[in-house]
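Comments concern the structure below.
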Amino acid sequence: MKTVRLQKFLADAGLTSRRAAEDWIRQGRVTVNGKRVTEMGVRVNPDCDEVRVDGHPVSPAATRLYVLLNKPRSCLTTARDPRGRPTVFDHLPDFEVRLFPVGRLDWDASGLLLLTNDGPLAHRLMHPRHGIPKKYEVKVQGRPSDETLELLRRGVMLPEGRTAPARVRRLKELPKATWLEIVIHQGWYRQIKRMGEAVGHPVVKIHRSGYGPLSLEGLAAGKWRHLSREEVRGLRRAAFGEEETQRGISPC
1 MKTVRLQKFL ADAGLTSRRA AEDWIRQGRV TVNGKRVTEM GVRVNPDCDE
51 VRVDGHPVSP AATRLYVLLN KPRSCLTTAR DPRGRPTVFD HLPDFEVRLF
101 PVGRLDWDAS GLLLLTNDGP LAHRLMHPRH GIPKKYEVKV QGRPSDETLE
151 LLRRGVMLPE GRTAPARVRR LKELPKATWL EIVIHQGWYR QIKRMGEAVG
201 HPVVKIHRSG YGPLSLEGLA AGKWRHLSRE EVRGLRRAAF GEEETQRGIS
251 PC
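1 is the number of the first residue of the sequence shown in full-length UniProt numbering; add one for each residue after it.
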């Protein structure tokens, strides 16, 4: 097999993006056949060279896997928790490859969560520059006025700055609460909750119903499924642009 650049080998293995892999190399975290590598340009043969990161062996690129989970409430978006609390991986089988969540949902949030071992794609999807739309069904306290909804649409001030324009509409009004649909393109820390607090309507529940071209399509809470080939193509179009959809995609 022909050799490949070390950073590409790491990215193709699904560990991280190529740029982050370059940082790992500069930091001295990567060894090839027992020798620490700190400079770019090193090439490896995936068939015979042993590559390790922080002492852990890295397997050559495996079939890329894309999984959609309808995350239930009361579980963490992490592989394991030192306090023994439930995680999203409790709802998944033991796949042969290691999956990573693309973004996160809070402990008390539910809904669509994408997991994959495709590091480059995950990195692009999470980068704010690409503005992947995320759709939420949000229950807030009280009944926001039309003016308040317009403020959410235009953007509210948070410590990081003003939020980008969002799509906001009422779904259902209750005696003391309101369900809203909110679509944002950013991914600031607990952004939806803080937007609600900023306009005086604290968030009671959050459910993510859409992520880019993906939707739950009736998938029950705690259940998962593989993405279809067309869904993967849609994600790659959103993250990389049209030219990336011409690359080969492993069967899902």
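We put the beta carbon where it would ideally sit given N, CA and C, even for glycine.
Check: Touching by the beta-carbon criterion (3+ pairs, under 8 Å), the segment 137-144 and the segment 204-214; Outcome: yes
Check: Residues bridged to phenylalanine 240 [DSSP beta-bridge criterion]; Outcome: Its beta-bridge partners do not exist; DSSP assigns none.
Check: For glutamine 27, three-class secondary structure by DSSP; Outcome: coil
Check: Counted within 10 angstroms of its Cβ, other Cβ atoms place serine 17 as buried (16 or more) or exposed; Outcome: buried
Check: C-beta atoms of leucine 112 and leucine 99 nearer than 9 Å; Outcome: no
Check: Local Cβ density within 10 Å of alanine 239, reported as buried at 16 or more and exposed below that; Outcome: buried
Check: Contact set for proline 60: own chain, Cβ-Cβ below 6 Å, skip 5 residues either direction; Outcome: Pro46
Check: Simplified DSSP assignment, three categories, for arginine 129; Outcome: helix
Check: Euclidean distance between Cα positions of residue 253 and alanine 20; Outcome: Limits of the chain in this structure are 1 at one end and 252 at the other, which puts residue 253 out of reach.
Check: Near the ligand MG: arginine 43 beta-carbon under 8 Å from a heavy atom; Outcome: With respect to the ligand MG, the structure shown offers nothing to examine, as it has no ligands at all.
Check: Neighbour-count burial assignment, histidine 48, 16 or more Cβ in a 10 Å radius; Outcome: Residue identity differs from the one stated: residue 48 is cysteine in this sequence, not histidine. Exposed, since its Cβ has fewer than 16 Cβ neighbours within 10 Å.
Check: Residue 256, enclosing beta strand (DSSP E) - first and last residue; Outcome: The chain is shown from 1 up to 252; residue 256 falls before or after that span and cannot be answered.
Check: Span separating the alpha-carbon of serine 250 from that of arginine 229; Outcome: With a pLDDT of only 37 at serine 250, under the threshold of 50, the placement of this residue in the model should not be trusted; the figure read from the coordinates follows. Looking at the two C-alpha atoms, the distance is approximately 8 Å.
Check: Beta-carbon proximity list for arginine 225, same chain, < 8 Å, skipping 5 on both sides; Outcome: Val67, Leu68, Leu219
Check: Through-space distance from valine 168 to alanine 11, alpha-carbon basis; Outcome: 37 Å
Check: Distance between beta carbons of alanine 198 and valine 156, contact taken as under 8 Å; Outcome: 4 Å
Check: Per DSSP, cross-strand counterpart(s) of proline 57; Outcome: Arg52
Check: Three-state secondary structure assigned by DSSP to lysine 152; Outcome: With the sequence shown as reference, residue 152 is identified as leucine, and lysine is not the correct amino acid for it. In the structure shown, leucine 152 sits in a helix (DSSP, three-state: H, G or I).
Check: Pairwise C-alpha distance: alanine 177 and aspartate 106; Outcome: 21 Å
Check: Between the CA atoms of arginine 43 and leucine 152 - distance to the nearest angstrom; Outcome: 50 Å
Check: Same chain only: Cβ atoms within 6 Å of threonine 245, ignoring 5 sequence neighbours per side; Outcome: Model confidence at threonine 245 stands at a pLDDT of 39, short of 50, so the residue's coordinates are unreliable; what they give is reported in the following sentence. Counting only Cβ-Cβ distances below 6 Å, and skipping sequence neighbours, we find Arg233, Arg236, Arg237.
Check: Backbone secondary structure at alanine 122 - three-state DSSP; Outcome: helix
Check: Alanine 177: first and last residue of the uninterrupted beta strand (DSSP E) it sits in; Outcome: 177-184
Check: Cβ neighbour criterion (16 or more within 10 Å) applied to glutamate 147; Outcome: exposed
Check: Under the three-state DSSP convention, the category leucine 10 falls into; Outcome: helix
Check: Residue of His91, Gly28, Gly119, Arg26 minimising C-alpha distance to lysine 223; Outcome: His91
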